[in-house]
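S.K.: Have a look at this one.
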Ligand code: NA
Ligand code: NA
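Protein chains in written order, with our numbering: chain A, 1 to 103; chain B, 1001 to 1481; chain C, 2001 to 2111; chain D, 3001 to 3615; chain E, 4001 to 4161; chain F, 5001 to 5083; chain G, 6001 to 6251.
Quick look at the structure:
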C-alpha cells in the first residue's frame, strides 16, 4: 500500500515537473495551457492519490480535492484560453503550414 | 460602581451601529441613543469614580486578556470625548444622514482608543477610527484628499504596528502596564534598544495626531470640510489620539537623551511651523486647522516633558474651543460659499450671540485671562519652570504672539466692517446667512459660558489653580461628590 | 531569512509609495508593505522546532513545543484590517477615476 | 474697612457698570453712554476718598488688592482721564459700529486699569493687565483700521507675555505671587532680578511705546475711535511707566545691578541695564519727534509725540534718582492730561468736521476758539513750555540728566523739546490757523458737554504748571516708600541738582509776556484774507488742491534730511512678510495633494527620528 | 422540490467528504446542507433523478476508466512533445460538433476534451465545442470529432440525457 | 527519501512555472505560469500534510485550490474585459 | 532623479531598521528569527490555557472544561483571549464595507464585461459554487479544531459569490439580504459579549461549557462567534464585491 502510494507520488511529482517544463517550453499561450493543464492535473491526481494510499483515513478529503481539481483545472484553462483567443493572443504555427482559422 | 459601564461605552455604540444597518430608518435614533447612553455612562462612571479600575474583557486577567483601564486620565478622556462628540453631532445633525453608522462606530472606536490598556487593541481602535474618518471625509467635495489621508494613515498605522511587533518581540507582552513593568525590572538600560520601536510608534501616532511632517493629509481634508467632519477631526478625533499618545509616552517611552531631543524637535517644530502657517492663511478653516496642528505639537511636547496635567489642560482647552471655532467657521463657510476672512467682514453684526461664543472660544484658545485657556497656559508655564525648563516657555510665548495676531485678525474682521482707513459702519455689513441657528446658538452659548466659567471660577476659588493637577482634581473633586 | 525578506518587502512598499503616482499602484504598494509587515509579525512568533499551534491527535499535548500563537492571531486581525482598507481605497480610486478620468494623482490637479 | 468703599468694590462696581452699560445701550444709546460717565465719575470719587486707606489690603476671592501709594496715583490719573473722555462718548454713540460693546469695553478697560494698579499679586496684575489689552483690542477696530488692532495686540501680547514669563518664573522660584515679596526675593538673587527686570521691563517698554516697540502707537492711536485715542495715549500707555517703575525702582534693580562698569574709560553713573533703558528712551525721543514732524495725520502726530514723551518717562525712571523718578511721575501726570486734552480737541474737530487730515482743515480758530485754546494749552505743556505742567517735569528730568553728566541723553531730550515746537506748531497752524475751508463755513464750537472735560483738563494742566508741588508732595511720598530720597520742596520752590525752580514765578513772567503779545496781536493790522483753495497756475485747473495746501508736506525740506534713515516700520513689515512667506512655504512644502510628497516627508522624518534617536 | 432535495444531498455529500465520516459530522452536515440547500439551490446545478444510481455506476466504471486512460495517454503524448527537441506540433483552433444537449454533460465533455491528448476546449457554443488542438489532423468537423470526442460523446450520451 | 525526491521534482516544476510567470511575455503567459504554479503548490501542500503527519494541511490545500482557481478566473476575465 | 531619491531614502531607512534590529550592541535585543523563549511571553499561558491558574497539561481529546476549549490555539487567542480585538476587526470590515457602499452609491446595475462568460465557466461555477460554500461553512464551524475560522470561512463564501459574479452576467447578490445577515451577525456578536456580562461577569466572557478539547462540539462560544464572523465577513465582502462589479444607472 505504502509502496504503491510512494510510486504514485513520484509519478505525480514527475508529471508536475513536466507540467512546469511544458509551460516553460511551449511556444504560445495555448500550447502552454495545454501542457500545464494536462500534466499538472494528472500529476496532482497521482500525487494526492498516493498520499491517500499512505493515509487511508484522509481519503475522503483527498478525493474531494481531486474532484475539485478535476473540475476547476480544465475550467480555469478554458476560461484563460478563451480569453487569450478573444484577445487575439499570438498563435504559433508550424513553418509552411497554412490553415483557415475558425472565426 | 458598576464597572460594566466601561465596556458598554464601546459595546453600545457598536451594537447600535450593527443594528442600524438592519433597520435603516431607525439609524438616527440608534445613533442618538448610543450618544445619549455614552453621555450618561461616562457621567455615572465619573460620579462613582473612586480609584482606577481595570476591566478584564472576557474575564482574562491582564496581561493575558485585553483590559480596559479607567483611571483619572481615561475618565477625563471619555468625559471630554463623549460630551464633545454629542455636541458636535447635535450642532451638525444635518450632515449625519447616511453616516449614522459610521459615526456610531467612530464613537465606539474613540472611546476604545482612550480606554484600552493594550497596545494591539489600541492599534485596532486607531484603525477603526481612522477608517471612519476616511469615510467621513468623503463628504468633502474633493475625495482625492481622502485618498491622501488613507495612504498616509495606512502607512502610519503600519509603522505603528511594526513598532508594536518589535515591542512584543522584546518584552513578550502587549499589555501596556505589563510592558512598563517588564521594562522596569530589567536591570540594564533599555532606552537604546527602544529607539526603533518608539520612533515607529511615535510616527504612527503622529500621523493621526497631525504632527508635522506627518500631517500632509490634514490640509486637504479639512480645508473644505463641513461642520460635522472637520469639527470631529479637529476636536474629538484629535482628543482621543492625543490622549492615547500621552498614555503611551507616559508609560512606555523610556527614551534616550537623543531620542527625546528628536521627538521634542518634531513637536516643538510642529508648534512653531504650524502657527506660522496659520498666520499666513486667509481662510477661516485653514487658519483653524493649522492652529489645531500647532496645538497638537504643544500637547505632545508637554507629554514628552512629563507634564501630563499641563498637557491635558491644553488639550481640553483646544478641544472645546476648536469645537466652537471650527463649527462656526465651517457653518459660515457653508452658508455663504466662502470662508475667506476678507469676504466675511462684520459677519457677527447680525449674529451677535454666535459671535460672542466664537470670541470666547478664540480668546480661550490664545490663553487670555478670564478664559479657560489662561488657566491652561499658566499651568503649562509654571510646570515647565518647575522642571527648570526655560526655553520651552520662551518658545510657547513667542509663538503665542503669532497665534494671538491671527486670532485677533480673525475676530476684528468678523466683527467689523470697513476698508482699511475707513470708519467701521454697521450699514456696510453684507447680508450673511447662518442657518440652523437655534441649536447652534444654544450649544455654543453653553460651551462659551463653560469656557468663561472655567476661566474665572478657579481664580476666585482656589489659590493654587496655576499649579493644580487636573488628574488628582478629578479624583478629589469628583470622587468626593 | 524570511524576516529579512519581510522587511525588504516593507521597504519595497515604501519605495512604491515614494515613486508611484498611479492610484492603483499606490494601493498595490500599500498592500506590499502590509504583506511584508504581516510576514514580519508572523516571523516574530516563530520558535525554532516549534509545532503548528493546533492540538491534534498527533500533537496531543500542550507540553510540546509550539510556535507562538499570538502573532498569528494578530496577523489575522491585521490582514482583515488591510482588506477593509484596501476595499475602501479601491472604491475611492474608482470614484476618483469617475471624476477625473485618470488614475494619475498628478493629473487630478489642485493643491 | 468696609467693602462698600474699597478697591475691590470699585473694580467689581466697574465690571457691573460695564454690564449695565451694555444692556442699557441696547435700550437707549445715550443712556448707555451716560453710564460710562457716571461709572467712571463715581469710581474717581471713590478712589479719591480712598486716599486715606493707602496700604490697605483687601481680597476678592483669591485675588488680592493692595492700595499702594503709587497705585493710587496711577489709578486716580487713569480714572480722571477715563472720566474726562467719557463725556465724549455721549456724542459718539451714533458713529460707533458697536455702541453697546464700546460702552461695555470702555468700562471693562477702566476696571482692568484700576485692578492692575491696585493688585497685590502679580497674577492679579497680569489678569487685569490683559483685560485692558483685550478690551482695547476690541475697541480699536471700531475706528478706521482692523489691522491696527492686530498690530496693537501683537505688540501688547509680546509685552504682556514677557511679563507672564517673568511672573511665573519668579513664582516657580519663590512660591509666591505677592508683588512686594517676590520683588524682594528677586532683588536678592541676580538671576531672578535679571529675569524680573527684563521681562517686566519689556512689558513696560512695549506698553509705553518706547523704541523699538513704538510702532503700535501711531497705528492704534491714529486709527482708534476718536474717543478712545485719548484713553490710549493719555491713559493706558502710562501703565508702561507703572511696569517700568516696578522693575527698576520697586524691585530695586538699580541696587541689584549696582556696577562699576567702565565705558570709554569713565565709570558709568548707572548699572548697564538702566543705561540700556536710558538709551532706548533717548532713541524714542528722537524717533518719536522726527516721525511726528513727518506725520500728515493729526492723531498720528500726537501718537508719535507720545512716543517721544514715553522716552522721557523711561529715562526718568531708569536714572533712578529721586529727581528723575519724580520727574518721570510728574511727566506721566502732565502728559496724561495734555495728550488727553489734545486728542479730545482732535475729537471735537472730528465731531464737527469729520476729518483729521490736516490738509483738509484750516482756520478753525474762527469757528472753534475754545477747542483751539485747549489744544494750545495741551501742546504748550507737551512741548515743556511754562507755565504748563509739562514744563515742570521736563525741568526736573533735565536737572537730573545734567546732574548725572549724561550729555548725550540730555542732547536727545533737548532735541525732543526743540522738535516738539516744530510738530505742535504744525497742527496748530494747519487746523486752527490759516484760512477756513469753505466746507467748514458752518462749523460750530464743540458742544457744551464736550467743552466741560476739555476745559477741566486744560485748567488742571495750568494749575499743576503753576503749583506743581500739590502733586510733587505726593510723588515725594511715593519716592520715599520706594526707598529713594524725597524731593526737596519748599513752599512753591523745587530744588534740583544745580538750581531751584519757582514755577509760580516763572508762570507769572510768562503770563505777563503772553499778555503783552496778545495786545500787540490785537492792535497790529490784519493781513488780507485769501481763499485757501484759490490757487491757479497759468490757467491750469488744479485737481488736487490739497497737495498745494500750505500745510501739506510742511516740513518737507527738513524731512528730506532723514528720509533714507532705517525705518522700524519697514523692518516690522519685512518681518511680518517673512513670517507669512515662511508660513506659505510650510503649507506648500508639507501639505500636498501628491501622496508621494507627503510620504516623502514622512519617510524623511522617520529616518531623522531613527538616526537622530540612536546618536 | 426535486432540485432542492438533490442539492441538499449533494451538499451533504460534499460536507461528509470534507469533514469525514463520523456521527457528529454527519448530523452537523445534514443540518448545514439543509439550510444551505434553501439558499443556494438556485445557483447550483445539482439536479439529478433516481437514475443517478445507474448513471453514477456507469460514470465510475465506464467513463472514469476511459477518461483516465485518455488522460494518461494525453500526458504521455504531451510529455513526448514537450521533451522532444524538435517539438512536433502543428497547433490550431477547430470546431467540434457534439450531440449532447444537457449543460452538465457539455461541461463534462468540454473538460474531458481539455484533459485528453493535445486538445483544449475554449468554449461551447450551440452544438459545438471550440477546441485548441496541438496537432491538427483532418480538415472537416466530422474528422475533428472522430479524432477528439467521439468516445466521450458516446459514453456521456449514455449517462446524461 | 521518497519525500525528498518528490519535493525535488515539485520544486523544479515550481521553478519552471515561476520562470514563465516572471518572463511572460504576455499577461496571458504570466497567468498560465501562475495557474500551473498554483496547482503544483496545492499538491505540495498535500505532500506537506504527509510529511508533517497532519491532516490540517488538507484543509489548507483545499482552500488554496479554491482561491487559486478563483485567481485564474479573475485574471482571465479581467484580461478578457480589458480594452 | 525621483527614483534615485526614493531608492536612497528606502536604503537609508532599511539600513537604520536592519542595524537597529540585528546589529545592535545593546544589552536588550530584538530576538532574532526563531530564537524565542515562549516562557518570556504571555503566549505561554495561551498554549497551556492557564491564564486563570490551570496547571494541568492540556491533552487533545481528553482535557475537559479548559478555560478555552479550542484545540487551535490561535483560535483560542482570536475568539477567547483577545476576542475584543476580533470584534474590532469585524467592525473594521463592517465600516469599510459600509464606506464602499456609500462611495459607490446610487441605483446600480450589473456591469458586464465585454464578453459574456464562457459556457464552460458558467456551468463549472454551478458545481464548484456548492463545494466552496460548504467548505466555507465547514471552515467557520471547525475553526476551533482546524486551521480555519470565521475570516477564512467568510472569505471563501465571498469568493464563491465572486465566482458567480464572474461566471454569470445576470447574477447579483440581494444586497438587502446581505445587509440583514451582516447586521444580525454583528449585533449577535455584541449580544454574545453582553451575555458574557450577564451570565459570566465580563464582556465577551465564555458562558457555555467548553467541552473536551478537540471535539467538534466544544469550546463554548467559539464556534458560535466564528459562525457569526463567517456570515458577517461573507456578507460584507459580498456586498463590497457587488459595489465593484456594478455601475451606477444613468439618470
Ligand atoms: Na490549469
Ligand atoms: Na487551478
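Glycine included, each C-beta is placed from N, C-alpha and C at the ideal position.
Under the three-state reduction of DSSP, which class applies to residue 4097/E: helix, strand or coil?
M.R.: The residue given as residue 4097/E occupies position 97 in the fifth chain. Strand at residue 4097/E.
S.K.: List the endpoints of the continuous beta strand (DSSP E) containing residue 6109/G.
M.R.: For the purposes of this step, residue 6109/G is taken as the residue at position 109 of the seventh chain. Looking at the DSSP string, the run of the beta strand (DSSP E) that includes residue 6109/G is 6108-6110.
S.K.: Cα separation between residue 4091/E and residue 7/A?
M.R.: If you number the fifth chain from 1, residue 4091/E lands on position 91. If you number the first chain from 1, residue 7/A lands on position 7. In a straight line, the C-alpha of residue 4091/E is about 33 Å away from that of residue 7/A.
S.K.: Against chain H, with Cβ distances strictly below 8 Å, would residue 5030/F count as a contact?
M.R.: Annotation note: the requested chain H is absent from the structure, which comprises protein chains A, B, C, D, E, F and G.
S.K.: Could you pull out every residue in the same chain whose Cβ sits closer than 8 Å to the Cβ of residue 3185/D, ignoring the five residues on either side in sequence?
M.R.: The residue labelled residue 3185/D in the question sits at position 185 within the fourth chain. Excluding sequence neighbours, residue 3185/D sits near 3170, 3173, 3174, 3176 and 3192.
S.K.: Can you list, in chain order, the residues of its chain whose CB lies under 7 Å from that of residue 1333/B, leaving out five sequence neighbours each side?
M.R.: On the second chain, residue 1333/B is found 333 positions in, with the first residue counted as 1. Counting only Cβ-Cβ distances below 7 Å, and skipping sequence neighbours, we find 1284, 1285 and 1339.
S.K.: To the nearest angstrom, report how far apart residue 3532/D and residue 3425/D are at their CA atoms.
M.R.: On the fourth chain, residue 3532/D is found 532 positions in, with the first residue counted as 1. On the fourth chain, residue 3425/D is found 425 positions in, with the first residue counted as 1. Confidence is the limiting factor: at residue 3532/D the pLDDT is only 49, short of 50, which leaves the residue's position unreliable, though a coordinate-based value still follows. When rounded, the distance between both Cα atoms is 19 Å.
S.K.: What residues in its chain sit with their C-beta under 6 Å from that of residue 3393/D, if we drop five residues either side in the sequence?
M.R.: In the fourth chain, counting from the first residue as 1, residue 3393/D sits at position 393. Same-chain partners within the cutoff: 3327, 3330, 3331 and 3334.
S.K.: Determine the closest residue to residue 1265/B out of 1235/B, 1225/B, 1421/B and 1213/B, with distance taken between C-alpha atoms.
M.R.: For this step, residue 1265/B is matched to residue 265 along the second chain. For the residues 1235/B, 1225/B, 1421/B and 1213/B, the minimum Cα distance to residue 1265/B belongs to 1213/B.
S.K.: Answer with buried or exposed for residue 3570/D, where buried requires no fewer than 16 other C-beta atoms within 10 angstroms of its C-beta.
M.R.: As a working note, residue 3570/D is residue 570 in the fourth chain. Its Cβ having fewer than 16 others within 10 Å, residue 3570/D is exposed.
S.K.: Can you check whether the C-beta of residue 6123/G is within less than 8 Å of a C-beta belonging to chain E?
M.R.: Working through the seventh chain from its first residue, we reach residue 6123/G at position 123. Yes, residue 6123/G lies at the interface with chain E (some Cβ there is under 8 Å from its Cβ).
S.K.: Can you find a CB in chain G that lies within less than 8 Å of the CB of residue 3607/D?
M.R.: Here residue 3607/D is taken as the residue at index 607 of the fourth chain, counted from 1. Yes, residue 3607/D counts as interfacial toward chain G.
S.K.: From this set, 1050/B, 1060/B and 1329/B, which residue's C-alpha is nearest residue 1226/B's C-alpha?
M.R.: Along the second chain, read from residue 1 onward, the residue named residue 1226/B stands at position 226. Nearest C-alpha to residue 1226/B: 1329/B.
S.K.: Judging by CA-CA distance, which residue of 2021/C, 2032/C, 2008/C and 2093/C is the nearest neighbour of residue 6003/G?
M.R.: Taking the seventh chain and counting its residues from 1, the one referred to as residue 6003/G is at position 3. Among 2021/C, 2032/C, 2008/C and 2093/C, the Cα nearest to that of residue 6003/G is on 2021/C.
S.K.: Step through the CB atoms of chain F and report whether any lies within less than 8 Å of the CB of residue 6039/G.
M.R.: Taking the first residue of the seventh chain as 1, we reach residue 6039/G at position 39. False, the Cβ-Cβ gap to chain F never drops below 8 Å.
S.K.: Can you tell me whether DSSP reads residue 1017/B as helix, strand or coil?
M.R.: Mapped onto the second chain, residue 1017/B falls at position 17. Residue 1017/B falls in the helix class under three-state DSSP.
S.K.: Could you confirm whether any beta carbon from chain D is found closer than 8 Å to the beta carbon of residue 6013/G?
M.R.: Translated into positions along the seventh chain, residue 6013/G becomes position 13. For residue 6013/G, the answer is yes, since a Cβ of chain D falls inside 8 Å of its Cβ.
S.K.: Shorter than 8 Å from the beta carbon of residue 3602/D to some beta carbon of chain B?
M.R.: Sequence index remark: in the fourth chain, residue 3602/D carries index 602 (1-based). Yes, because at least one Cβ of chain B sits closer than 8 Å to the Cβ of residue 3602/D.
S.K.: Once the 5 residues before and after residue 101/A are set aside, which same chain residues still bring their CB inside 7 Å of it?
M.R.: As a working mapping, residue 101/A is identified with position 101 in the first chain. Reliability fails at residue 101/A, whose pLDDT of 45 lies under 50, so the model's placement of it is uncertain and no value is given.
S.K.: Contact between the stretch 3115-3127 of chain D and the stretch 3094-3106 of chain D: three or more CB pairs below 8 Å?
M.R.: Taking 8 Å as the limit for Cβ pairs, the verdict is that the stretch 3094-3106 of chain D does not touch the stretch 3115-3127 of chain D.
S.K.: So which residues on chain F does residue 6135/G lean against when the C-beta distance must stay under 9 Å?
M.R.: Stepping through the seventh chain from its first residue, residue 6135/G is reached at position 135. Here the neighbours are 5059, 5062, 5063 and 5066.
S.K.: By DSSP's criteria, residue 2066/C is part of a beta bridge. Which residues make up the other side?
M.R.: In the third chain, residue 2066/C corresponds to position 66, counting from 1. Its beta-bridge partners are 2051/C.
S.K.: Name the residues in the stretch 3445-3458 of chain D whose C-beta lies less than 9 Å from a C-beta of chain B; which are they?
M.R.: Taking 9 Å as the Cβ-Cβ cut-off against chain B, none of the residues of the stretch 3445-3458 of chain D qualify.
S.K.: Anything in chain E within Cβ reach of residue 6046/G, meaning under 8 Å, just list it in chain order.
M.R.: Here residue 6046/G refers to the residue found at position 46 when the seventh chain is read from its first residue. Chain E residues near residue 6046/G: none, gap ~26 Å exceeds 8 Å.
S.K.: Determine, for residue 6054/G, whether the minimum Cβ-Cβ distance to residues of chain B falls below 8 Å.
M.R.: Residue mapping note: residue 6054/G aligns to position 54 of the seventh chain, counting from 1. Residue 6054/G does not count as touching chain B.
S.K.: Which residues in chain C have a C-beta closer than 7 Å to the C-beta of residue 6034/G? List them in chain order.
M.R.: By one-based count along the seventh chain, residue 6034/G stands at place 34. Within chain C, the residues near residue 6034/G are 2046, 2047 and 2048.
S.K.: Using Cβ-Cβ distances below 7 Å, what residues of the stretch 63-80 of chain A are close to chain G?
M.R.: Against chain G - using a Cβ distance shorter than 7 Å - the residues of the stretch 63-80 of chain A are 68, 71, 72, 75, 78 and 79.
S.K.: Would you mind giving the Cβ-Cβ distance between residue 6081/G and residue 6068/G, rounded to the nearest angstrom? I have them listed as a contact below 8 Å.
M.R.: What you label residue 6081/G is simply residue 81 of the seventh chain in a count that begins at 1. What you label residue 6068/G is simply residue 68 of the seventh chain in a count that begins at 1. Correct: roughly 7 Å between the Cβ atoms.
S.K.: Are the C-beta of residue 1030/B and some C-beta of chain G separated by less than 8 Å?
M.R.: Counting from 1 along the second chain, the entry for residue 1030/B is found at position 30. So, not an interface residue.
S.K.: At least one CB of chain G closer than 8 Å to the CB of residue 3216/D: is that the case?
M.R.: Residue mapping note: residue 3216/D aligns to position 216 of the fourth chain, counting from 1. No, no contact with chain G.
S.K.: Going by the DSSP bridge assignment, what does residue 3066/D pair with across the sheet?
M.R.: The residue you call residue 3066/D lines up with position 66 of the fourth chain. Partner(s): 3057/D.
S.K.: Since residue 5056/F meets chain G, which of its residues come closer than 8 Å, beta carbon to beta carbon?
M.R.: Residue numbering aside, residue 5056/F sits at position 56 when the sixth chain is read from its first letter. The contacting residues are 6146 and 6147.
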